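Some notes on the structure that comes next.
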């Protein structure tokens with residue numbers, strides 16, 4: 117199966133950008149943390165390379181500019197402050213927009229070139245000499261120019277007469293260049309955008325035999341002559357990502373006077389310094405050692421050709437005429453070439469004996485200037501260095517690619533799985549749990565209808581085993597789907613920073629319990645409510661610094677995010693130490709909006725009054741801003757939590773602050789329900805909405821203002837007749853109580869403090885809750901449906917909607 121590189125990159129890029137975002141915010145508070153800066157730089161560098169692999173040039177270029185700023189920070193050339201934080205955050209926001217545009221298959225709307233220009237303004241302005249920058253523009257390789265076909269040289273001359281620049285470009289990439297995210301073909305395409313390619317030649321000197329080729333390595337180089345009006349800086353920009361010691365790169369401008377190549381002849385062996393001759397002699401001795409290490413005549417012949425090509429390339433690239441004249445022609449005869457290497461080493465040794473000691477500091481020649489380039493570009497062969505050793509003809513590698521140590525045994529190595537596959541596997545685990553619930557029904561049928569008691573007993577034992585396996589499998593799959601709430605919490609510091617700065621407020625964010633885990637779907641559903649709650653806390657809750665100082669409150673204000681387990685539920689809280697919510701103000705607003713009468717407003721408790729903030733369109737703010745005031749945010753919170761079987765409560769003390777408490781289930785895949793019977797039909801009630809079940813006599817039920825009520829533990833509980841609400845048989849009949857008929861009625865007490873009357877209780881069961889579709893989707897009193905083990909359809913009631921309809 118082919119790997120979708122773009123999809124893989126987008127998934128990784130989102131993680132990289134989130135980590136960078138968090139790192140930059142941390143660095144703003146701790147600018148001296150060099151370790152964090154190094155980590156941000158490393159992630160940005162990886163992101164740039166991955167973008168190259170995926171072919172996203174815009175992402176690569178923008179990230180490269182940001183990487184330059186991070187590099188200047190690491191080198192101490194610039195200092196990190198809030199202004200630079202804004203620049204870097206905006207820059208990586210631009211990268212994110214480019215990534216998301218690629219994910220959606222759309223053209224990017226962000227002007228990445230403008231962002232690059234803005235970012236580069238923060239780079240230190242220093243001269244090339246001071247900065248240590250090495251430009252890739254070199255002298256023309258006149259030997260290569262002279263070796264061109266006559267018609268090509270005529271074309272070059274004609275183009276020069278037209279006033280165009282003719283660039284001579286030689287690029288021999290490191291074999292492992294693909295692992296850095298660079299495709300040489302993309303470089304050629306970018307050059308073609310700058311002008312016309314007069315001549316292109318493939319350099320196959322490094323091409324090994326077919327049996328030894330690795331499809332993931334690059335063995336070819338390119339020689340290009342480009343006619344263009346572009347300035348040298350623009351041509352250099354094409355190669356900005358490949359300027360490294362591992363890649364041999366030469367760019368030169370061909371002038372009219374260079375049509376006839378002139379060859380340097382003053383570079384002889386006696387003209388080299390002692391140090392230069394020593395380094396070159398060691399280089400040659402390494403080649404001799406490599407040839408001697410060959411095990412077969414065929415291998416020795418192949419190595420001789422390889423080394424000869426290297427020396428020919430060195431001689432041509434650095435214009436060593438003395439070496440060009442003495443090198444045997446290609447292909448070489450390996451015995452003759454070995455003798456040549458011996459003579460060359462002896463000649464270097466003889467020159468060493470004749471030199472005076474002071475010549476070491478006086479002589480400056482071509483080899484000294486280019487020693488580092490020889491080491492980097494021609495990869496001298498050494499049997500002592502696995503990285504540069506000649507590949508064995510058996511095809512066995514001497515080391516891992518790119519010098520990276522291979523993981524040992526693959527133990528505990530994380531793997532990435534598509535969300536769809538994980539959801540499917542979890543769904544199958546849930547189906548298995550539901551399917552095994554059919555066995556008790558079959559056991560009862562065997563016992564009662566067929567009298568097969570022994571067979572029923574064996575089936576019970578099998579059911580117990582299957583039940584354990586199914587639950588273990590479900591628990592294991594649930595663990596796979598669980599994610600820490602840090603996936604949400606770590607997005608909040610940026611939100612708090614940006615909004616608090618725009619409001620002119622000083623706020624610090626405190627988090628705890630980030631390791632608490634929830635189902636991935638619940639994490640995703642919780643993201644929007646968390647954003648609304650934090651925005652409300654910043655806009656409504658937290659006071660401006662001047663007001664806090666007048667009240668004797670500490671500056672900055674504090675917003676706290678915390679999460680923890682409580683039984684089989686997870687609690688997530690958003691708290692602030694700001695103004696708090698005044699219940700009387702909520703009551704007044706509810707009366708103003710005709711949601712309550714003045715009498716009702718006086719009679720409700722403070723907790724009931726605060727719950728009005730979750731109603732659609734309800735807001736205590738008199739003004740509408742970009743952040744809040746429309747009465748939408750808290751309604752979104754309540755609605756989102758109901759959709760995932762969660763609950764929300766608000767606690768507030770005027771002048772001290774507010775805490776929003778959200779209770780969430782661990783998973784949404786399977787749901788535990790309480791089975792109840794209403795008029796002979798089974799229904800389900802989500803068990804997490806149930807506080808308790810009680811059995812009441814009809815005489816215990818009273819009527820208050822036409823509403824049936826009961827007193828439980830000294831609390832008045834409103835009762836609702838589920839039979840009447842479902843248009844079935846009536847369950848609560850207060851007339852029977854008055855007539856002396858004392859029947860028993862089952863009451864399901866909900867967490868909201870209200871009770872639902874049912875005909876019978878049938879027990880608990882795990883189900884896979886499916887939403888209703890089509891016309892049934894609009895029936896709000898049903899939360900969904902499920903298939904029971906006996907094949908019957910179970911309708912699951914929405915207790916919140918039932919209670920509202922009863923009212």
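In our numbering, the protein residues as written are 117 to 923. From the three backbone atoms N, C-alpha and C, an ideal C-beta is built for every residue, glycine too. On a predicted model such as this, the values are computed, not experimentally measured, just so you know.
Discussion item. Under 8 angstroms, with one C-beta from each stretch per pair, do the region 164-178 and the region 285-301 reach the 3-pair mark?
Written reply: Under the three-pair Cβ rule at 8 angstroms, the region 164-178 counts as touching the region 285-301.
Practice prompt. Specify the secondary structure class of residue 363 as computed by DSSP and reduced to three states.
Written response: Within the chain shown, numbered from 1, the residue matching residue 363 stands at position 247. If DSSP states are grouped into helix, strand and coil, residue 363 belongs with coil.
Discussion item. Using CA atoms only, rank isn't needed, just tell me which of 918, 806 and 783 is closest to residue 837.
Written reply: Looking up residue 837 in the chain shown gives position 721. Cα-wise, what sits closest to residue 837 is 918.
Worksheet entry | Delimiting residues of the alpha helix (DSSP H) encompassing residue 618 | Locating residue 618 in the chain shown gives position 502, counting from the first residue. From DSSP, the alpha helix (DSSP H) with residue 618 extends over 608-619.
Practice prompt. Just the C-alpha distance for residue 885 and residue 542, rounded to the nearest angstrom, thanks.
Written response: In the chain shown, residue 885 corresponds to position 769, counting from 1. In the chain shown, residue 542 corresponds to position 426, counting from 1. Their Cα atoms are separated by approximately 13 angstroms.
Item to complete: Report yes or no: is there a C-beta of chain C within less than 9 angstroms of the C-beta of residue 829?
Response: Absence of chain C from the displayed structure is noted, only one protein chain being present.
Worksheet item: Which whole runs of the beta strand (DSSP E) in the region 636-718 are 3 residues long or more, in chain order?
Response: 673-682 and 685-692
Worksheet item: Roughly how far, in whole angstroms, is the beta-carbon of residue 875 from the beta-carbon of residue 895, given that I think they are within contact range, below 8 angstroms?
Response: Here the question's residue 875 lines up with position 759 in the chain shown. Here the question's residue 895 lines up with position 779 in the chain shown. No, residue 875 and residue 895 are not in contact; Cβ-Cβ is about 21 angstroms, not under 8 angstroms.
Discussion item. Relative to the C-alpha of residue 912, which candidate in 135, 805, 133 and 660 has its C-alpha closest?
Written reply: Residue mapping note: residue 912 aligns to position 796 of the chain shown, counting from 1. Measuring from the Cα of residue 912, the nearest candidate turns out to be 805.
Worksheet entry | Sub-9 angstroms separation of residue 766 and residue 726 beta-carbons | Here residue 766 is taken as the residue at index 650 of the chain shown, counted from 1. Here residue 726 is taken as the residue at index 610 of the chain shown, counted from 1. Result yes, Cβ atoms of residue 766 and residue 726 sit closer than 9 angstroms.
Discussion item. In this structure, how does DSSP classify residue 134 when only helix, strand and coil are distinguished?
Written reply: Taking the first residue of the chain shown as position 1, residue 134 is located at position 18. Under the three-state reduction of DSSP, residue 134 is assigned to helix.
Discussion item. Here's a check: name, in chain order, each residue in its chain whose Cβ is nearer than 8 angstroms to the Cβ of residue 224, leaving out the five neighbours to either side.
Written reply: Taking the chain shown and counting its residues from 1, one reaches residue 224 at position 108. Contacts found: 174, 213, 214, 217 and 218.
Worksheet item: When you compare only the Cα positions, how much space is there between residue 294 and residue 609?
Response: Here the question's residue 294 lines up with position 178 in the chain shown. Here the question's residue 609 lines up with position 493 in the chain shown. Roughly 37 angstroms separates the two Cα atoms.
Worksheet entry | Burial state of residue 653 (16 or more Cβ within 10 Å) | For this step, residue 653 is matched to residue 537 along the chain shown. Answer is buried; the Cβ neighbour count reaches 16.
Fill in: Residue from 265, 344 and 350 whose Cα sits closest to the Cα of residue 317
If you number the chain shown from 1, residue 317 lands on position 201. Of the listed residues, the one whose Cα sits closest to residue 317 is 265.
Worksheet entry | 7 angstroms CB neighbourhood of residue 563 in its chain, flanking five on each side removed | If you number the chain shown from 1, residue 563 lands on position 447. Once the five neighbours on either side are set aside, the close Cβ partners of residue 563 are 569 and 572.
Discussion item. Quick check on residue 734: does DSSP put it in helix, strand or coil?
Written reply: As a position in the chain shown, residue 734 is number 618, starting the count at 1. Here residue 734 sits in coil by DSSP.
Worksheet entry | Three-state secondary structure (DSSP) of residue 129 | Taking the first residue of the chain shown as position 1, residue 129 is located at position 13. It is helical.
Item to complete: Helix, strand or coil for residue 911, going by three-state DSSP, please let me know.
Response: Position 795 of the chain shown, counted from the first residue, corresponds to residue 911. Looking at residue 911 - three-state DSSP - the assignment turns out to be strand.
Worksheet entry | Burial state of residue 915 (16 or more Cβ within 10 Å) | Locating residue 915 in the chain shown gives position 799, counting from the first residue. It counts as buried.
Worksheet item: Roughly how many angstroms separate the alpha carbons of residue 235 and residue 642, rounded to a whole number?
Response: Residue numbering aside, residue 235 sits at position 119 when the chain shown is read from its first letter. Residue numbering aside, residue 642 sits at position 526 when the chain shown is read from its first letter. Approximately 35 angstroms, taken between the alpha carbons.
Worksheet item: Just to confirm, are residue 690 and residue 673 a CB contact at a threshold of 9 angstroms?
Response: The residue labelled residue 690 in the question sits at position 574 within the chain shown. The residue labelled residue 673 in the question sits at position 557 within the chain shown. Contact: no.
Fill in: Residues of its chain near residue 628, where Cβ-Cβ distance is below 6 angstroms and the 5 sequence neighbours each way are ignored
Indexing the chain shown from 1 puts residue 628 at position 512. Excluding sequence neighbours, residue 628 sits near 678.
Worksheet item: Which residues mark the beginning and the end of the beta strand (DSSP E) in which residue 865 is found?
Response: Here residue 865 is taken as the residue at index 749 of the chain shown, counted from 1. Per DSSP, residue 865 belongs to the beta strand (DSSP E) from 860-866.
Fill in: Sequence-distant residues of the same chain with beta carbon closer than 8 angstroms to residue 77, five excluded per side
Absent from the structure is residue 77, since the part of the chain shown begins at 117 and ends at 923.
Item to complete: Please classify residue 824: is it buried, with 16 or more other beta-carbons within 10 angstroms of its beta-carbon, or exposed?
Response: Position 708 of the chain shown, counting from 1, holds the residue named residue 824. A residue is called buried once 16 or more other Cβ atoms fall within 10 Å of its Cβ, and residue 824 is buried on that count.
Practice prompt. Could you name the residues of the same chain whose beta carbon sits closer than 6 angstroms to that of residue 763, not counting the 5 residues immediately before and after it, in chain order?
Written response: Mapped onto the chain shown, residue 763 falls at position 647. Only 779 meet the Cβ criterion.
Worksheet item: By Cβ distance below 8 angstroms, which residues in the same chain neighbour residue 809 in space, the five residues on each side in sequence not counted?
Response: As a first step, residue 809 must be located in the chain shown, where it is residue number 693. Closer than 8 angstroms at the Cβ level, and outside the excluded window around residue 809, lie 790, 862, 863, 864, 865 and 877.
Discussion item. For residue 759, report the span of its alpha helix (DSSP H) as first-last.
Written reply: For the purposes of this step, residue 759 is taken as residue 643 along the chain shown, with counting starting at 1. Run containing residue 759: 749-759, per the alpha helix (DSSP H) assignment.
Practice prompt. Assign residue 334 to one of three DSSP states: helix, strand, or coil.
Written response: Stepping through the chain shown from its first residue, residue 334 is reached at position 218. If DSSP states are grouped into helix, strand and coil, residue 334 belongs with coil.
Worksheet item: Can you name the start and end residues of the alpha helix (DSSP H) that residue 539 belongs to?
Response: Stepping through the chain shown from its first residue, residue 539 is reached at position 423. Residues 535-552.
Practice prompt. Can you tell me which of 834, 311 and 811 puts its alpha carbon nearest to the alpha carbon of residue 820?
Written response: Here residue 820 refers to the residue found at position 704 when the chain shown is read from its first residue. Here the closest residue by C-alpha is 834.
Discussion item. Give me the DSSP bridge partner(s) of residue 820.
Written reply: Sequence index remark: in the chain shown, residue 820 carries index 704 (1-based). BP columns for residue 820 point to 823.
Worksheet item: On the three-pair Cβ rule with 8 angstroms, is the region 717-726 touching the region 596-613?
Response: By the Cβ test, the region 717-726 is not in contact with the region 596-613, since fewer than three Cβ pairs between them sit closer than 8 angstroms.
Item to complete: Identify, in the order they occur along the chain, each residue of the same chain with its Cβ nearer than 7 angstroms to the Cβ of residue 576, setting aside the five sequence neighbours on each side.
Response: As a working note, residue 576 is residue 460 in the chain shown. These residues qualify, in order along the chain: 559.
Worksheet entry | Collapsed DSSP secondary structure at residue 727 in the structure displayed | Within the chain shown, the letter at position 611 stands for residue 727. It is helical.
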